[in-house]
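Read through the structure below, which is laid out as structure tokens, and then see the notes.
2 protein chains.
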Amino acid sequence: MSYGDAMNARAKSGERRAEIVRAALEVIAERGYRGASLAAVAERVGLTQQGLLHYFPTKDALLVAVLEERDQWDAVPDSRWRVDLLASLVEYNAMRPAIIQTFSALLGESVTEGHPARDYFTERYVRVRASMAGVLRAEYGDRLPNGLTPERTAPLLVAVMDGLQYQWLLDPESVDMPGAFRDFLALLGEA
Amino acid sequence: MSYGDAMNARAKSGERRAEIVRAALEVIAERGYRGASLAAVAERVGLTQQGLLHYFPTKDALLVAVLEERDQWDAVPDSRWRVDLLASLVEYNAMRPAIIQTFSALLGESVTEGHPARDYFTERYVRVRASMAGVLRAEYGDRLPNGLTPERTAPLLVAVMDGLQYQWLLDPESVDMPGAFRDFLALLGEA
DNA sequence: TCGATTACCTGTAGAGCGGTAGGTTTCGTA
DNA sequence: TACGAAACCTACCGCTCTACAGGTAATCGA
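Here the protein sequences come in this chain order: A and B. For the first sequence, counting from 1, position 54 maps to 53 in numbering that gives the first Met the number 0; every step adds exactly one. For the second sequence, counting from 1, position 68 maps to 67 in numbering that gives the first Met the number 0; every step adds exactly one.
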């Protein structure tokens, strides 16, 4: 038996790790983090569970890699965001249910005690709210309807995005996520 | 050894079941449903895991009981809801983090495949959206800002409530959940 | 007072989990 | 071509989980 015959030169370490992270994304989407087993992830990339542990020494280390990938995924510089780009982002998300399912499941789990993603989401929300406040200010100035400030509106914007995702994941036929999000933006557009 | 000496006549079956459901609520809040073990719930009410199974023959049966309790908890007849009562509800929720943590964790898990609470949440959202549309119509009539209808606004209202809960659970210091919710309602109040 | 039902218990099966130990093959490099 | 590191494997440990089987003590209605 020989391992490297057919796959020889390709499959450098980095590639393999990326494959694994991608598989982990999928498995977490299907079963959540607690429900995801290393063996299930490993099988999806043609490894044994112990083979996977060669790349990520613990389950938590794998989760960290998953979260890091996400960070770099939506790392658009603040200054480049605009409200209509947000609408496009939601539209784009609506075409990639697997990924948003992964992070919706993780977010839900993360509110439980000692969850390894808890700090990540907490800090992420702080950043995202600040970022969204900036976007709102750039678009509408300091004055939003009803005397709201961008800082007070940002949590609402984020809440709408997250909340719609759950409704949409559970029942995509009944919920027009991008449409609803545009409705919300329109609400902010009224001076 | 005798079991019924000290606790004799009290602790009828129904009471015991209610105790167990309450304990399950707590454990699910702390660890999620998948992470919650029957043994942990049992211990909290002074039973063995097998003793608990006498009342609920499977783990799923216990979850069903938890969800049923919730249903009857917020079973206010549609006609009696009003928008200012919603604001009060959110304020009330902000004083009971354990319960909203339970259902936020369950909602997150429920988007995963084959989760036993998935149907429950899907159907619940259908009902709640319809109910909220009714509330909005009663309060604002058919015309909301920007030509929105109550039916199109209801998903947003629900999304804001859910989404704010996650932000608040993760970082209660930074997020004024009731205040933010009132801000959102004010947005709808503009004609 | 008896007999069924209820309310638990102990014991255990059976599966899955993350992780360790320690091997062997392959590959890159000198 | 020799050697160390990388890439995987098998074997296994200890734990936890749900659930079943079958027991015993208390309770309650006839």
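Cβ atoms here follow ideal geometry from the backbone N, Cα and C, with glycine treated the same way.
Subject >> Environment of residue 29 of chain A [buried if 16+ CB atoms lie within 10 Å] >> reply: Indexing the first sequence from 1 puts residue 29 of chain A at position 30. Counting C-beta atoms within 10 angstroms of its own C-beta, residue 29 of chain A has 16 or more neighbours from the protein chains shown and is therefore classed as buried.
Subject >> Contacts of residue 165 of chain A in chain B (Cβ-Cβ under 7 Å) >> reply: Residue numbering aside, residue 165 of chain A sits at position 166 when the first sequence is read from its first letter. Within 7 Å of the CB of residue 165 of chain A, the CB atoms of chain B belong to 106, 110 and 161, in sequence order along the chain.
Subject >> Any chain B beta carbon closer than 8 Å to residue 44 of chain A >> reply: Within the first sequence, numbered from 1, the residue matching residue 44 of chain A stands at position 45. Cβ-Cβ to chain B under 8 Å: no for residue 44 of chain A.
**OP:** Round the Cβ separation of residue 106 of chain B and residue 178 of chain A to the nearest angstrom and send it over; I've been treating them as touching at under 8 Å.
**Re:** Numbered from 1 along the second sequence, position 107 holds the residue referred to as residue 106 of chain B. Numbered from 1 along the first sequence, position 179 holds the residue referred to as residue 178 of chain A. That belief does not hold up - the Cβ atoms of residue 106 of chain B and residue 178 of chain A are roughly 22 Å apart, past 8 Å.
Subject >> Span of the alpha helix (DSSP H), counted from its first residue to its last, around residue 81 of chain A >> reply: Counted from its first residue, the first sequence places residue 81 of chain A at position 82. Here residue 81 of chain A belongs to no alpha helix (DSSP H), and DSSP marks it neither H nor E.
Subject >> Interface residues of the region 128 to 152 of chain B facing chain A [CB-CB below 9 Å] >> reply: Of all residues in the region 128 to 152 of chain B, the ones placed with a Cβ closer than 9 Å to any Cβ belonging to chain A are 128, 143, 144, 145, 146, 147, 151 and 152, in chain order.
Original post:
Along chain A, in chain order, which residues have C-beta atoms closer than 7 Å to that of residue 33 of chain B?
Top reply: On the second sequence, residue 33 of chain B is found 34 positions in, with the first residue counted as 1. By Cβ distance, chain A contributes 31, 33 and 34.
Original post:
Does any residue of chain B bring its CB to less than 8 Å from the CB of residue 125 of chain A?
Top reply: In the first sequence, residue 125 of chain A corresponds to position 126, counting from 1. Judged by the 8 Å Cβ criterion, residue 125 of chain A is in contact with chain B.
Subject >> Per-residue contacts from residue 174 of chain A into chain B (C-beta, under 7 Å) >> reply: Along the first sequence, read from residue 1 onward, the residue named residue 174 of chain A stands at position 175. Neighbours of residue 174 of chain A on chain B, chain order: 154.
Original post:
Does the separation of the CB atoms of residue 55 of chain B and residue 46 of chain B fall below 8 Å?
Top reply: Locating residue 55 of chain B in the second sequence gives position 56, counting from the first residue. Locating residue 46 of chain B in the second sequence gives position 47, counting from the first residue. No, they are not a contact pair.
Original post:
So, is residue 84 of chain B buried or exposed, given that buried needs 16 or more other C-beta atoms within 10 angstroms?
Top reply: The residue you call residue 84 of chain B lines up with position 85 of the second sequence. Residue 84 of chain B is exposed by the Cβ-count criterion.
Original post:
By the criterion of Cβ-Cβ separation under 8 Å, what are the contact partners of residue 12 of chain A in chain B?
Top reply: By 1-based counting over the first sequence, the position of residue 12 of chain A is 13. Under the 8 Å cutoff, chain B gives no residues; its nearest Cβ is about 30 Å from residue 12 of chain A.
Original post:
Under a three-way DSSP split, which group does residue 173 of chain A fall into?
Top reply: Here residue 173 of chain A refers to the residue found at position 174 of the first sequence. For residue 173 of chain A, the secondary structure class from DSSP, reduced to helix, strand or coil, is coil.
Subject >> Buried/exposed call for residue 103 of chain A, threshold 16 Cβ in 10 Å >> reply: Here residue 103 of chain A corresponds to residue number 104 of the first sequence, with the count starting at 1. In this structure residue 103 of chain A is buried. Its beta-carbon is surrounded by 16 or more other beta-carbon atoms within 10 angstroms.
Original post:
Out of curiosity, what's the CA-to-CA distance linking residue 151 of chain A and residue 19 of chain A?
Top reply: As a first step, residue 151 of chain A is located in the first sequence; it is residue number 152 there, counting from the start. As a first step, residue 19 of chain A is located in the first sequence; it is residue number 20 there, counting from the start. Approximately 40 Å between the Cα atoms of the pair.
Original post:
With a cut-off of 8 Å, does the C-beta of residue 95 of chain A fall near any C-beta of chain B?
Top reply: Position 96 of the first sequence, counted from the first residue, corresponds to residue 95 of chain A. Judged by the 8 Å Cβ criterion, residue 95 of chain A is not in contact with chain B.
Original post:
What span of residues does the alpha helix (DSSP H) with residue 141 of chain B cover, start to end?
Top reply: Taking the first residue of the second sequence as 1, we reach residue 141 of chain B at position 142. Segment: none, residue 141 of chain B is in no alpha helix (DSSP H) and carries neither H nor E.
Original post:
Closest Cβ-Cβ distance between residue 65 of chain A and chain B: below 8 Å?
Top reply: Translated into positions along the first sequence, residue 65 of chain A becomes position 66. So no, residue 65 of chain A is outside the interface.
**OP:** Kindly list, in the order they appear in chain A, the residues whose Cβ is closer than 8 Å to that of residue 170 of chain B.
**Re:** Stepping through the second sequence from its first residue, residue 170 of chain B is reached at position 171. Contact annotation for residue 170 of chain B against chain A: 121, 124 and 125 [CB-CB distance below 8 Å, chain order].
**OP:** Have a look at residue 172 of chain A and residue 164 of chain A and give me their C-alpha separation to the nearest angstrom.
**Re:** Translated into positions along the first sequence, residue 172 of chain A becomes position 173. Translated into positions along the first sequence, residue 164 of chain A becomes position 165. Residue 172 of chain A and residue 164 of chain A: Cα-Cα distance of roughly 13 Å.
**OP:** Find out if the Cβ-Cβ distance for the pair residue 131 of chain A, residue 153 of chain A is shorter than 8 Å.
**Re:** Position 132 of the first sequence, counting from 1, holds the residue named residue 131 of chain A. Position 154 of the first sequence, counting from 1, holds the residue named residue 153 of chain A. Between residue 131 of chain A and residue 153 of chain A, the C-beta gap is smaller than 8 Å, which places the two residues in contact.
Subject >> Beta-carbon gap between residue 66 of chain A and residue 116 of chain A smaller than 8 Å >> reply: On the first sequence, residue 66 of chain A is found 67 positions in, with the first residue counted as 1. On the first sequence, residue 116 of chain A is found 117 positions in, with the first residue counted as 1. If you check the CB distance, residue 66 of chain A and residue 116 of chain A come in under 8 Å.
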